[in-house]
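Single-structure report; data block below.
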Amino acid sequence: MLILTNIFRINGAGVICYDGLLKIIADMAGENHIIIPCSIHETIVMSEKTWLDEQVLQEMVYSVNREEVPADEILSDHPFRYEREMNRLCMI
Numbered sequence: 001m002l003i004l005t006n007i008f009r010i011n012g013a014g015v016i017c018y019d020g021l022l023k024i025i026a027d028m029a030g031e032n033h034i035i036i037p038c039s040i041h042e043t044i045v046m047s048e049k050t051w052l053d054e055q056v057l058q059e060m061v062y063s064v065n066r067e068e069v070p071a072d073e074i075l076s077d078h079p080f081r082y083e084r085e086m087n088r089l090c091m092i
């Protein structure tokens with residue numbers, strides 16, 4: 001599991017858009033990844049094998065956003081999957 005942010009740890013979730021970063025991470029691990037949008041400040045990247053139930057993952061992200069993240073810092077209510085072979089990011 002990786003936490004992606006910038007060196008300031010403020011407004012750092014955008015680092016997932018750095019050119020080629022998700023592909024580098026996936027190629028190093030040799031597998032697809034799940035991206036959890038924690039807030040506008042960071043995202044979590046973890047192995048797709050960690051989560052078997054997409055519905056549970058969706059509910060968890062939504063619930064945490066409503067209960068723990070300030071409304072103006074919510075990045076997304078949906079997790080994403082990075083598909084290594086296709087080099088694409090898809091909403092789950």
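Count the sequence shown with full-length UniProt numbering and you get residues 1 to 92, in order.
In this text, a Cβ means the ideal position worked out from N, Cα and C, and glycines have one as well.
Because the structure is a prediction, the values reported are computed rather than measured.
For the putative contact between residue i and residue j, defined by C-beta atoms under 8 angstroms, what is the C-beta separation to the nearest angstrom?
i	j	result
N11	H41	6 angstroms
From the DSSP secondary-structure annotation, give me the bridge partner or partners of residue i.
i	result
P37	T43
I3	I44
R81	I34 and C90
Looking only at its chain, what residues have a beta carbon closer than 6 angstroms to the beta carbon of residue i, apart from the 5 residues adjacent to it on each side?
i	result
L89	F80 and Y82
L22	Y82
Just the Cα atoms here: how many angstroms apart are residue i and residue j?
i	j	result
D53	E67	21 angstroms
I16	E59	22 angstroms
E48	V56	14 angstroms
R9	G20	21 angstroms
V69	M28	31 angstroms
Y18	I24	11 angstroms
E71	M86	In the sequence as displayed, the identity of residue 71 is Ala instead of Glu. If I take the Cα positions, the gap works out to 33 angstroms.
V45	A26	10 angstroms
S63	E73	14 angstroms
Here's a check: name, in chain order, each residue in its chain whose Cβ is nearer than 7 angstroms to the Cβ of residue i, leaving out the five neighbours to either side.
i	result
H78	Q58, V61, M91 and I92
W51	I34 and L57
Kindly list the residues whose CB is nearer than 8 angstroms to the CB of residue i, restricted to its own chain and excluding five residues on each side of it in sequence; keep chain order.
i	result
A13	L4, T5, P37, C38, S39, I40, H41, E42, T43 and L75
E31	S47, E48, K49 and R84
Which first and last residues belong to the alpha helix (DSSP H) in which residue i is found?
i	result
E67	E54 to E67
L22	L21 to A29
Considering residue i, what are the terminal residues of the beta strand (DSSP E) in which it resides?
i	result
M91	R88 to M91
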